[in-house]
Amino acid sequence: MSYLKNEKKHIIYSIILGVIGSLIGISIFALSGYMISLSFFEPPIFVILFIIAVIKLFGMAKGGLKYLERLLSHNSTFKLISRMRSRYFESSLNSDEDMHSVRFIQTLSRYFEDIEDYYITIIYPYIMAALVSIFVILLAGLIDVQIVITALVLSLIMLIVFPLIFSIWHEKIDADYRTLDQNAFMKTYQFIHGFPDLFVDNKNKAVQSEISRQLDSIRHNKNKDSLKEAVIELLTGLAQIGTIVLIIFLMQNDDVFLIPMLILLVISYFEVLTPVVEPAGRFFNTHRKVGEIERPAPGAADGRKISDESITLENVSYKYPAGAYEALSDVDITVNPGEKHAIIGSSGSGKTTLLNQIIGQKDMAVMPQHLDFYNATIRDNLTMFGHFESSDEEMEHLLAEFELEHFKLDDFIYFTGQLSGGEKKRLHLIRMILEDKDWWVLDEPSAKLNRELQEKVWRKIFDTPTAIVSTHDLSHLDRFDVIHFMEAGRIIESGGYGELMARGGATAEAVRRFAEYL
Amino acid sequence: MKLEYPRKWLISFAVISLMIVIFYILFGHHLSLILSDFIVGDQVLPMEHLIWMLVFFAAFVSMRAIYKYVTAYVANSRMASLGDRLLQRVDDTTNKKSESFLNALFIHMEKYRPFESVFIPTIVNTMVKLVVIIIALFFVHMNAAIILLLTAPFVPLYYVLVGLQTRDEAYRQASQFDDMGTLFLNLVRGKDTVRNTGSEGTVSAKLDENNEDFVSQTMKILKFAFQSSLMLEFITILGIGLVALELGLQIIFFENITFYAAFFTLLLAPEFYNALKVLGVEFHNGQLARGHKDKINEWLKQPGQAPEYRTQADDGAAVALHDVEIGFPDNTMIRDVNIGFEPNTINAITGPSGGGKTTLLRSIVGLMPPLAGEVRVASYDIGYISDDIYFNDSTLYEYLSDGTASEDAVLGILEDLKLAGSVSKLKEGIHTPIINNNVPFSGGEIVRLKIARVLLKRPRIIVMDEPTEFLDAETESLILKYLEGFKAFSTIIAVVHRRRLLGISDTHHHLENGQIRRGDI
Numbered sequence: 000m001s002y003l004k005n006e007k008k009h010i011i012y013s014i015i016l017g018v019i020g021s022l023i024g025i026s027i028f029a030l031s032g033y034m035i036s037l038s039f040f041e042p043p044i045f046v047i048l049f050i051i052a053v054i055k056l057f058g059m060a061k062g063g064l065k066y067l068e069r070l071l072s073h074n075s076t077f078k079l080i081s082r083m084r085s086r087y088f089e090s091s092l093n094s095d096e097d098m099h100s101v102r103f104i105q106t107l108s109r110y111f112e113d114i115e116d117y118y119i120t121i122i123y124p125y126i127m128a129a130l131v132s133i134f135v136i137l138l139a140g141l142i143d144v145q146i147v148i149t150a151l152v153l154s155l156i157m158l159i160v161f162p163l164i165f166s167i168w169h170e171k172i173d174a175d176y177r178t179l180d181q182n183a184f185m186k187t188y189q190f191i192h193g194f195p196d197l198f199v200d201n202k203n204k205a206v207q208s209e210i211s212r213q214l215d216s217i218r219h220n221k222n223k224d225s226l227k228e229a230v231i232e233l234l235t236g237l238a239q240i241g242t243i244v245l246i247i248f249l250m251q252n253d254d255v256f257l258i259p260m261l262i263l264l265v266i267s268y269f270e271v272l273t274p275v276v277e278p279a280g281r282f283f284n285t286h287r288k289v290g291e292i293e294r295p296a297p298g299a300a301d302g303r304k305i306s307d308e309s310i311t312l313e314n315v316s317y318k319y320p321a322g323a324y325e326a327l328s329d330v331d332i333t334v335n336p337g338e339k340h341a342i343i344g345s346s347g348s349g350k351t352t353l354l355n356q357i358i359g360q361k362d363m364a365v366m367p368q369h370l371d372f373y374n375a376t377i378r379d380n381l382t383m384f385g386h387f388e389s390s391d392e393e394m395e396h397l398l399a400e401f402e403l404e405h406f407k408l409d410d411f412i413y414f415t416g417q418l419s420g421g422e423k424k425r426l427h428l429i430r431m432i433l434e435d436k437d438w439w440v441l442d443e444p445s446a447k448l449n450r451e452l453q454e455k456v457w458r459k460i461f462d463t464p465t466a467i468v469s470t471h472d473l474s475h476l477d478r479f480d481v482i483h484f485m486e487a488g489r490i491i492e493s494g495g496y497g498e499l500m501a502r503g504g505a506t507a508e509a510v511r512r513f514a515e516y517l
Numbered sequence: 000m001k002l003e004y005p006r007k008w009l010i011s012f013a014v015i016s017l018m019i020v021i022f023y024i025l026f027g028h029h030l031s032l033i034l035s036d037f038i039v040g041d042q043v044l045p046m047e048h049l050i051w052m053l054v055f056f057a058a059f060v061s062m063r064a065i066y067k068y069v070t071a072y073v074a075n076s077r078m079a080s081l082g083d084r085l086l087q088r089v090d091d092t093t094n095k096k097s098e099s100f101l102n103a104l105f106i107h108m109e110k111y112r113p114f115e116s117v118f119i120p121t122i123v124n125t126m127v128k129l130v131v132i133i134i135a136l137f138f139v140h141m142n143a144a145i146i147l148l149l150t151a152p153f154v155p156l157y158y159v160l161v162g163l164q165t166r167d168e169a170y171r172q173a174s175q176f177d178d179m180g181t182l183f184l185n186l187v188r189g190k191d192t193v194r195n196t197g198s199e200g201t202v203s204a205k206l207d208e209n210n211e212d213f214v215s216q217t218m219k220i221l222k223f224a225f226q227s228s229l230m231l232e233f234i235t236i237l238g239i240g241l242v243a244l245e246l247g248l249q250i251i252f253f254e255n256i257t258f259y260a261a262f263f264t265l266l267l268a269p270e271f272y273n274a275l276k277v278l279g280v281e282f283h284n285g286q287l288a289r290g291h292k293d294k295i296n297e298w299l300k301q302p303g304q305a306p307e308y309r310t311q312a313d314d315g316a317a318v319a320l321h322d323v324e325i326g327f328p329d330n331t332m333i334r335d336v337n338i339g340f341e342p343n344t345i346n347a348i349t350g351p352s353g354g355g356k357t358t359l360l361r362s363i364v365g366l367m368p369p370l371a372g373e374v375r376v377a378s379y380d381i382g383y384i385s386d387d388i389y390f391n392d393s394t395l396y397e398y399l400s401d402g403t404a405s406e407d408a409v410l411g412i413l414e415d416l417k418l419a420g421s422v423s424k425l426k427e428g429i430h431t432p433i434i435n436n437n438v439p440f441s442g443g444e445i446v447r448l449k450i451a452r453v454l455l456k457r458p459r460i461i462v463m464d465e466p467t468e469f470l471d472a473e474t475e476s477l478i479l480k481y482l483e484g485f486k487a488f489s490t491i492i493a494v495v496h497r498r499r500l501l502g503i504s505d506t507h508h509h510l511e512n513g514q515i516r517r518g519d520i
């Protein structure tokens, strides 16, 4: 709740406005009922006209208050969410967690939607309903003690008992839903990615029907949720009729004159209470989810940039948190300024893992395996939102050089799927050129490009003073100062091109086979 | 607005809605009678009316709850079958757009669901309510009914004049972005690059700026929406005020209205206006949900899985292509393919990348119907070797044996292919479940696993896409050794990138510029 600080005032105003608005709404109904009863006792005409005028004015006031209340509460909630977003982003910068998975991003997006729901549909209306209830109970004191007790019991049932009961039910349905949704998602993901194998094995239909069954389980879960909502409607409806009947019985020997007023009052009081029950039943569940987003304030940058001229890794081993094996074992590597290093080996041998260990050791420009682009203009994507200084002419020239003239600097990237793998490689390379660093680290820079573009990319790499490149493309291997051959997480041989070729080991074998490539 | 919904359900919903409204009106009728007896009658509680009132109210709330459940039930069933229809669109090309597909099935579907489960039932229910209340009021107090009829058109009129603008703007904003479209989400996703480029400060400032835009944009749209409800509120107040004024005057001056009619009217009039308000709000929500349906529809337009188009005949060639034309309706990639692959041979296919080699393999495997011509196979039992693997949360044993081979056979073959060492690194050996395709194997090992599978299953036809990346020396010699052996029980069709493999082939076809011709060996 520490986020509330700045918006506190607005939120308090909006709650006060909301309470006054609801009370006015209730009094409109009460006055209408009073008026009817009164009419039959032949009051002076001006009294009736006066009441009607008051009702109208109240109505206008209620509408106006409601408008202001909604503006204030939404405005402060969205500002609050904005600040949480900024804070979340800043803390994610310090996290080493891989956040590229679609699932992670989807969950994050849902959690942020939950926050909106948390404040606007769960918390504010509940506080308002509770305050209105206190007023109603106090007002009931004007009539008699029995009515006070009725109002008290009613608000306890509607605001505490029902929400607690439905909270438990909701918890179960939602937990089931999350599991079902997660499983169906994973299964569909596997279905899409494993489709060629599944098809050839004639198993695609079976997997598809399995997902169908999971979707059907989601349907059942949704039906349970609808059942819950229907039961809430039924129970609140029954509470309403119960109250009306009770009032008729309680008042029949008292002032019958007040009955129409009280009944209309009950009906409109329920209009405040009923919409609160279902959201209140979701409070604890949503509260927990919101808690998952609240992250500790970002700490100071960890200053891991080492100012030493060269990079040295000694006896480095690495195991992925979920992996059952070592992705890197006992790796030693030293890169001095001005050197060009190539890391080669078959896929899965640990090249990318090794590069990830090198990245961040120094002030360097990096082309990682996963290239990130943002929903922004090409210009913002190339300059990292203006972080790198560059002129439009320079960028346009580079786009043309890498055959990307079809992009204009003001073109907007709406989603990254819009870019092909080769386009991403080239756009990222331009980004690195603008970054203008002496050290470059690149993972598969020439993949997914045609021959001509590959040459252009290699030229840029060899123009940079110091470069560490992991690659399958051995066409320029002789131009590297040091070549490292990796197998199963180890560097099995290292050295200059001539030396390794003379030795006739794994590298020489790989170069020979690369030449056989058609 | 046209509702694309089966008529039988719309009629059923209308019938239930009719019952709900009628029960409510009957409840109001008895409540008004009770109060009438109380206030202007003999001030005795009429038990009979009280019981009827209770019965009708109970019937009203039960019916309302049933309506809610039934309409959601129907909507959920329709959503499940929409999901099934989406699933049928998955084919071997979907993985290139997997994010978009998963969004359609898991995000857009959920955002569209309220259209089916809330919007449509509410619209039907509200329409019925409006009509029935007006009719009832004509019997109870005609003047009030006339006032309602005269003021009601202001609501839709207002929406036509002002509301449409809001809707268009909101709709444009909602559909402009993909669901991952907010800058915040893709910055979190792409935080590594922000960190690598040291642009944290610039980007955070940009995010703050973007957040401010987001708040002001959202508030602009909401302001429109709130203004609309304020106007509706005023129209409602005006209407109800007029009804109340008319009632007051009737009671005092003309004394020709009963208490019953006055109270009943005052109970029904707000219901009428509430219904109108609901219609306005839902109209807005419904429109937003439709944007998501459009995203789903884009996928439903995809061709999806092709039905079996190959013919099977076990006479002569293992695979025969007659006058085959391959490609897409607007882009024919290969023409005049006439090849017969003889049984127990190795057949190499070469050609520049992007020339259609893989597409040709896909049509043999059954994944891509040819534009014209006939694809005949001796058997549908085909094995597939590539460096791409996907474990569907199975164990290595399940993957390799495919439910037929024994554990000993699997272990033996792993030994032959020099995979036993890699497998022993796994916690439970060949029985280690491989979850989320967290594949602990190198490219070469994957190819060897595929070979192991082919050795165990012995398919009549083997299709191979030689890895374009270089393989370790061991794997490469294993491929050469086993491919020759496969000839004993199978016909091999391989896309080949290296001369050594070409050396052991019986035939060679070269694919270039949309033409396939015999190549040298």
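Line by line, the protein sequences give chains A and B.
Numbering that gives the first Met the number 0 puts the first residue of the first sequence at 0, with every later residue one more than the last.
Numbering that gives the first Met the number 0 puts the first residue of the second sequence at 0, with every later residue one more than the last.
Cβ atoms here follow ideal geometry from the backbone N, Cα and C, with glycine treated the same way.
These numbers were taken from a predicted model, which means no experiment stands behind them.
CB of residue i within 8 Å of CB of residue j, strictly
i, j, result
"residue 375/B", "residue 319/B", "yes"
"residue 524/A", "residue 247/B", "Nothing about residue 524/A can be read from this structure; chain A reaches only from 0 to 517."
"residue 455/B", "residue 409/B", "yes"
"residue 252/B", "residue 38/B", "no"
"residue 484/A", "residue 463/A", "no"
"residue 350/A", "residue 445/A", "no"
"residue 238/A", "residue 213/A", "no"
"residue 436/A", "residue 363/A", "yes"
Environment of residue i [buried if 16+ CB atoms lie within 10 Å]
i, result
"residue 178/A", "exposed"
"residue 6/B", "exposed"
"residue 501/B", "buried"
"residue 495/A", "exposed"
"residue 8/B", "buried"
"residue 327/B", "exposed"
"residue 304/B", "buried"
"residue 302/A", "Here the model assigns residue 302/A a pLDDT of 42, short of 50, so the residue's position is not dependable and the matter cannot be decided."
DSSP state of residue i mapped onto helix, strand, coil
i, result
"residue 486/A", "strand"
"residue 310/B", "strand"
"residue 300/B", "coil"
"residue 361/B", "helix"
"residue 496/B", "coil"
"residue 379/B", "coil"
"residue 373/B", "strand"
Inter-residue spacing [alpha-carbon to alpha-carbon] between residue i and residue j
i, j, result
"residue 291/A", "residue 475/A", "49 Å"
"residue 27/A", "residue 144/A", "23 Å"
"residue 188/B", "residue 330/A", "29 Å"
"residue 65/B", "residue 331/B", "56 Å"
"residue 122/A", "residue 443/A", "51 Å"
"residue 6/A", "residue 35/B", "51 Å"
"residue 82/B", "residue 172/A", "21 Å"
Residue i, enclosing beta strand (DSSP E) - first and last residue
i, result
"residue 365/A", "364-366"
"residue 508/B", "506-511"
N- and C-terminal bounds of the alpha helix (DSSP H) containing residue i
i, result
"residue 542/A", "Given that chain A is displayed from residue 0 to residue 517, the structure contains no residue 542/A and the question cannot be resolved."
Distance cut-off 7 Å: residue i Cβ against heavy atoms of the ligand NAP
i, result
"residue 235/A", "Inclusion of the ligand NAP in the displayed structure is not the case, the ligand content being empty and no account of it being possible."
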